[in-house]
Amino acid sequence: MKTYIVGNWKLNFNVGEASIYLHKLLKALPNYRDIDVVVAPSVVALQPLSLQVDRHKLKLAAQNAFYRDYGAFTGEISFTQLRGIVDYCIIGHSERRHIFGEDNKMIAKKMAAAIRNKITPILCIGETESERAFGETADVIRDQLIGGLSEVADDDIEKVIVAYEPVWAISSTKAAKLATPDEISEVVKLIRKTLTEVYGMKAAEKIPVLFGGSVSPANAGAYLTVPGVNGLLIGGSSLILSEFADIIETAKRVKA
Ligand code: 13P
40 MKTYIVGNWK
50 LNFNVGEASI
60 YLHKLLKALP
70 NYRDIDVVVA
80 PSVVALQPLS
90 LQVDRHKLKL
100 AAQNAFYRDY
110 GAFTGEISFT
120 QLRGIVDYCI
130 IGHSERRHIF
140 GEDNKMIAKK
150 MAAAIRNKIT
160 PILCIGETES
170 ERAFGETADV
180 IRDQLIGGLS
190 EVADDDIEKV
200 IVAYEPVWAI
210 SSTKAAKLAT
220 PDEISEVVKL
230 IRKTLTEVYG
240 MKAAEKIPVL
250 FGGSVSPANA
260 GAYLTVPGVN
270 GLLIGGSSLI
280 LSEFADIIET
290 AKRVKA
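And the structure:
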């Protein structure tokens, strides 16, 4: 399976800054066959960057989109509009769930809309600090995973990517803590077990599972060697070119 290194820029960089970053990153990046390097800029930057990007080296992701393809939905952007511009879309990020009130039902519709429009969805799931403290991690993970995938046809299940992002490990969270490889391993096992129960082993084995939460050059190697982890979803560190490039190099080393 490929390794996925995905930079989520969140609400950072204007179009000019994004373009300069991308220019420098493309210059620094060789063409990796087994590693998919992806960045998710702000939506205003996507169209210009899509003209600039060399898709053999790097692919673009959207950070969110709406599930209807067109119509009277003021302020929204559809997967249909993103088609041809991005290859991936992050869906159900914890910031969407907790700040913008997205629930499993809405996230499930977005997953289906992405697939319908030939965009690979990256479904983010993860428990909060208090859910973990109350011993609810497994229930939350199962609920977000099964709920988020509920509108995806069985035949399409191999088209999705799952990202485990414990909310308490995300750098912008108050008192963020680093997840340990053991903590990640336990949840990734649960994700694979749940996928196997619902979709069968053959399909479950083909679904990439990424980890995200304060990933940096210092811990990327340890996280990439957790069994069952196929890549990383990176926030803060992806905004610093040298750190992002370092993480990509680490992925290459781990792969070799
Ligand atoms: P940080 O890497 O800044 O913790 O963000 C993780 C994240 O939310 C990526 O989607």
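Okay, so the sequence shown: first residue is 40 according to this note's numbering, each after it adds one. All C-beta atoms in this analysis are idealised placements derived from N, C-alpha and C, irrespective of residue type, glycine included. In this text the structure is predicted, and so the values were computed from the model without any measurement.
Neighbourhood of His132 by C-beta, 8 Å cutoff - its chain only, sequence neighbours within 5 removed: Asn47, Gln102, Asn103, Cys163, Glu204
So, with DSSP's three-state summary, where would you put Asp108? coil
Using only CA atoms, which one of Ser276, Gly174, Val45, Ile146 lies nearest to Gly186? Ile146
Residue from Ala177, Gly165, Val125, Glu222 whose Cα sits closest to the Cα of Asn156: Val125
Between Asn258 and Leu217, is the Cβ-Cβ spacing less than 8 Å? Yes, Cβ-Cβ distance for Asn258 and Leu217 is below 8 Å.
Measuring from the CB of Val254, is there a heavy atom of ligand 1 at a distance below 7 Å? yes
Is there contact here, the region 269 to 280 with the region 236 to 255, by at least three beta-carbon pairs under 8 Å? Between the region 269 to 280 and the region 236 to 255 there are three or more C-beta pairs closer than 8 Å, enough to call the two in contact.
For Ser76 and Leu97, which I take to be in contact (beta-carbon distance under 8 Å), what is that distance rounded to the nearest angstrom? Before going on, a small fix: residue 76 reads as Val here, not Ser. Val76 to Leu97, Cβ: 5 Å. Contact.
Taking its Cβ as the centre, do 16 or more other Cβ atoms sit within 10 Å of Ala214, making it buried, or is it exposed? exposed
Distance check for Val268 and Ala290, CA to CA, integer angstroms please. 12 Å
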